[in-house]
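Number of protein chains: 2
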Amino acid sequence: MPEAASNKRTTLSAADWEQEALRVIAEQGVAAVAVEPLARRMGITKGSFYWHFSSRESLLEQALLGWEEHDARNLNASLGELDCPRDRLISFFRRVSREGLTHEVYSALCAAADHPQVKPLLDRVAARRMQHIAQAFTELGMDETTAEHRARLTYSVYLGFLQLQRQSQVPALSSQQFEAYLDHVIETLIPEA
Amino acid sequence: MPEAASNKRTTLSAADWEQEALRVIAEQGVAAVAVEPLARRMGITKGSFYWHFSSRESLLEQALLGWEEHDARNLNASLGELDCPRDRLISFFRRVSREGLTHEVYSALCAAADHPQVKPLLDRVAARRMQHIAQAFTELGMDETTAEHRARLTYSVYLGFLQLQRQSQVPALSSQQFEAYLDHVIETLIPEA
DNA sequence: AGGGCTCCATACGGCAGAGTATGGAAAAGC
DNA sequence: GCTTTTCCATACTCTGCCGTATGGAGCCCT
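Below, the structure written as structure tokens:
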């Protein structure tokens with residue numbers, strides 16, 4: 001075992017490959033995760049890769065699983081943080097601005113929803129998130145089916161936002177126009193206290 | 001010139017290739033549009049393809065342009081059809097159920113928003129559609145910026161719906177649950193008369 | 001009937017990425 | 001100090017697609 005993990009130029013670990021894979025996903029999408037380009041990007045050859053992983057597929061599997069855990073922790077953290085359900089919902093949207101890489105990865109994963117390794121993950125993540133959102137709407141006094149509908153609607157807005165962002169069809173994050181739009185969204189979707 | 005266009009086994013035209021390309025896009029995405037697989041799918045060889053097109057790129061260009069025209073006609077038709085702006089907005093959502101292929105193509109294009117040939121097209125289409133939606137909201141009495149925000153929001157809901165549909169995370173179209181959800185969406189986003 | 005045009009088949013060269021094989025250097029263990 | 005294990009480089013093979021070259025079958029025209 002190397003002592004301090006990623007200092008300068010010790011030997012690489014599987015985690016390093018997974019992390020770089022996630023960066024590539026965020027930048028160029030799932031399809032761009034290829035062994036040889038990835039190796040070049042890390043200044044190394046694929047001889048290393050096939051020592052740590054059995055195939056490209058297994059790298060993807062590991063990287064995606066790691067991302068999912070990270071995202072689940074984020075969600076739970078945001079849940080425990082705030083008592084008021086309305087604040088939780090608002091923070092869900094505001095969280096898009098922070099957590100840059102995580103959302104870029106998610107956006108890229110949405111674009112690859114057909115991929116057999118990606119689809120089940122997306123299903124789990126979306127279900128988890130919508131459940132939390134529905135929970136908040138329920139606490140705001142909606143009956144169950146209304147809360148579910150509103151949660152789906154809210155999550156759709158989030159997904160649509162990611163899509164428009166990918167198309168650069170949305171005002172720059174943390175600009176004044178963006179804040180105005182966000183206010184409009186909150187006002188429309190989230191009932192007043 | 002062959003007499004009746006596509007009867008049994010006359011000779012193929014460029015339009016046939018474009019049409020098949022759009023089908024592949026709808027089924028498997030933009031990246032799946034490859035010359036040789038496409039040729040196999042049509043029971044022919046690529047010798048034919050390179051007679052009609054100079055490259056894979058030009059096929060995509062033509063096919064996408066054709067789709068855009070078709071879509072623009074659809075939009076204008078839906079605009080002229082209904083006088084009441086509220087009905088126009090509702091029909092925008094309901095149109096998702098009909099026009100199956102067109103929306104499957106659009107959904108696939110959204111997934112390939114990074115593609116250099118796709119991105120400008122998506123920008124144009126989204127802008128056109130949002131403009132029409134904003135117009136309707138304006139007619140419903142909103143001021144300009146509010147209408148723009150609401151249009152962006154509405155279009156985000158549509159995009160998010162397509163995404164969830166790609167993940168099969170949405171009740172089956174024209175099922176009772178779907179109709180209930182659609183009612184909720186309309187009620188939430190579109191002001192009463 | 002013969003020449004020309006249209007459309008397609010076949011065969012080729014080239015590139016890029018997935019895996020495999022094998023050897024070598026450097027650290028770890030004894 | 002010598003072996004063993006760890007990690008990586010190099011050099012293959014194989015597959016799939018792009019684009020080109022070339023020829024050939026069928027029709028169109030005169």
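Just so you know, the sequences run in chain order X and Z. Residue 1 is where the first sequence starts when you use my numbering, and the numbers rise one by one after that. Residue 1 is where the second sequence starts when you use my numbering, and the numbers rise one by one after that. Glycine included, every Cβ here is placed at the ideal spot set by N, Cα and C. Quantities reported herein were computed from a predicted structural model and do not represent experimental measurements.
### Task
Using the Cα positions of residue 121 of chain X and residue 60 of chain X, report the straight-line distance between them to the nearest angstrom.
The sequence position of residue 121 of chain X within the first sequence is 121, counting from 1. The sequence position of residue 60 of chain X within the first sequence is 60, counting from 1. So the two alpha carbons sit approximately 12 angstroms from each other.
#### Entry: Status (buried if at least 16 other CB within 10 Å, exposed otherwise) for residue 10 of chain Z
Locating residue 10 of chain Z in the second sequence gives position 10, where the first residue counts as 1. With fewer than 16 other Cβ atoms within 10 Å, it is exposed.
### Query
Are the C-beta of residue 178 of chain Z and some C-beta of chain X separated by less than 8 angstroms?
In the second sequence, the residue the question calls residue 178 of chain Z occupies position 178. Taking Cβ atoms only, chain X never reaches closer than 8 angstroms to residue 178 of chain Z, which makes this a no.
### Message
Between X:154, X:99, X:137, which has its C-alpha nearest residue 126 of chain X's C-alpha?
### Response
For this step, residue 126 of chain X is matched to residue 126 along the first sequence. Closest option to residue 126 of chain X, judged by alpha-carbon separation, among X:154, X:99, X:137: X:154.
### Cα-Cα separation, residue 58 of chain Z to residue 117 of chain Z
As a working mapping, residue 58 of chain Z is identified with position 58 in the second sequence. As a working mapping, residue 117 of chain Z is identified with position 117 in the second sequence. In a straight line, the C-alpha of residue 58 of chain Z is about 10 angstroms away from that of residue 117 of chain Z.
### Message
Against residue 143 of chain Z, what residues of chain X qualify as contacts under a CB-to-CB distance less than 9 angstroms, listed in chain order?
### Response
As a first step, residue 143 of chain Z is located in the second sequence; it is residue number 143 there, counting from the start. Neighbours of residue 143 of chain Z on chain X: none; closest Cβ ~12 angstroms, over 9 angstroms.
### Query
So residue 130 of chain Z is in the alpha helix (DSSP H); what residue range does that whole segment cover?
For the purposes of this step, residue 130 of chain Z is taken as the residue at position 130 of the second sequence. Element bounds for residue 130 of chain Z: 119-139.
### Query
residue 31 of chain X to residue 68 of chain Z, Cα distance in whole Å?
Numbered from its first residue, the first sequence carries residue 31 of chain X at position 31. Numbered from its first residue, the second sequence carries residue 68 of chain Z at position 68. The alpha-carbon of residue 31 of chain X is positioned some 26 angstroms away from that of residue 68 of chain Z.
### Task
Determine whether the Cβ of residue 134 of chain Z lies closer than 8 angstroms to any Cβ atom of chain X.
Within the second sequence, numbered from 1, the residue matching residue 134 of chain Z stands at position 134. Chain X contact via Cβ: absent.
### Integer-rounded CB distance, given that residue 66 of chain Z should sit under 8 angstroms from residue 158 of chain X
By 1-based counting over the first sequence, the position of residue 158 of chain X is 158. By 1-based counting over the second sequence, the position of residue 66 of chain Z is 66. Going by Cβ atoms, the distance from residue 158 of chain X to residue 66 of chain Z rounds to 32 angstroms, so no, they are not a contact pair.
### Query
Given that residue 158 of chain Z touches chain X, what residues does it touch there, using C-beta distances under 9 angstroms?
The residue given as residue 158 of chain Z occupies position 158 in the second sequence. For a Cβ distance threshold of 9 angstroms, residue set 156, 160 of chain X lies close to residue 158 of chain Z, ordered along the chain.
### Task
Give a yes or no on whether 8 angstroms exceeds the smallest Cβ distance from residue 60 of chain Z to chain X.
As a first step, residue 60 of chain Z must be located in the second sequence, where it is residue number 60. By the rule that beta-carbons nearer than 8 angstroms mark a contact, residue 60 of chain Z does not touch chain X.
### Query
Along chain Z, in chain order, which residues have C-beta atoms closer than 7 angstroms to that of residue 181 of chain X?
Walking along the first sequence from the start, residue 181 of chain X turns up at place 181. Chain-ordered, the chain Z residues with CB closer than 7 angstroms to the CB of residue 181 of chain X read 149, 152.
#### Entry: Closest by C-alpha distance to residue 99 of chain X, when choosing among X:71, X:79, X:90, X:111
Taking the first residue of the first sequence as position 1, residue 99 of chain X is located at position 99. The shortest C-alpha to C-alpha distance from residue 99 of chain X to any of X:71, X:79, X:90, X:111 is the one to X:71.
### Message
As an exercise, report each continuous alpha helix (DSSP H) stretch of at least 4 residues that is fully enclosed by the segment 48-87 of chain Z, in chain order.
### Response
Secondary structure in the segment 48-87 of chain Z: the alpha helix (DSSP H) runs of 4 residues or longer, each lying completely within the stretch, are 56-81 in chain order.
### Query
Does any CB atom of chain X fall closer than 8 angstroms to the CB of residue 184 of chain Z?
Position 184 of the second sequence, counted from the start, is the residue given in the question as residue 184 of chain Z. Interface residue, yes.
### Query
At a CB-CB cut-off below 7 angstroms, which residues of chain X make contact with residue 131 of chain Z?
The residue labelled residue 131 of chain Z in the question sits at position 131 within the second sequence. Within chain X, no residue comes near residue 131 of chain Z; the closest Cβ sits about 12 angstroms away, beyond 7 angstroms.
### Contact list for residue 123 of chain X against chain Z, beta-carbon separation under 9 angstroms
Position 123 of the first sequence holds residue 123 of chain X. Neighbours of residue 123 of chain X on chain Z, chain order: 167, 168, 169.
### Task
Output the distance between the C-alpha atoms of residue 49 of chain X and residue 13 of chain X, rounded to the nearest integer angstrom.
To locate residue 49 of chain X, count along the first sequence from 1; it is residue 49. To locate residue 13 of chain X, count along the first sequence from 1; it is residue 13. The C-alpha of residue 49 of chain X lies about 9 angstroms from the C-alpha of residue 13 of chain X.
### Task
Enumerate in chain order the residues of its own chain whose CB-to-CB distance from residue 3 of chain Z is below 7 angstroms, with the five nearest sequence positions on each side excluded.
Taking the second sequence and counting its residues from 1, the one referred to as residue 3 of chain Z is at position 3. The predicted position of residue 3 of chain Z is uncertain, since its pLDDT is 34 and thus under 50; a value taken from the coordinates is nonetheless stated next. Sequence-distant Cβ neighbours of residue 3 of chain Z in its own chain, meaning closer than 7 angstroms and more than five residues away, do not exist here.
### Message
If you reduce the DSSP assignment to three classes, tell me which class residue 192 of chain Z lands in.
### Response
Locating residue 192 of chain Z in the second sequence gives position 192, counting from the first residue. For residue 192 of chain Z, the secondary structure class from DSSP, reduced to helix, strand or coil, is coil.
### Interface residues of chain X facing residue 110 of chain Z [CB-CB closer than 7 angstroms]
Taking the first residue of the second sequence as position 1, residue 110 of chain Z is located at position 110. Correct list: 163.
### Task
Using only alpha-carbon positions, find the residue among X:109, X:148, X:46, X:95 that is nearest to residue 23 of chain X.
Within the first sequence, residue 23 of chain X is the residue found at index 23, counting from 1. The residue with the shortest Cα to Cα distance from residue 23 of chain X is X:109.
### Query
On the three-pair Cβ rule with 8 angstroms, is the segment 78-97 of chain X touching the segment 125-142 of chain Z?
With the cut-off at 8 angstroms, the segment 78-97 of chain X and the segment 125-142 of chain Z do not touch.
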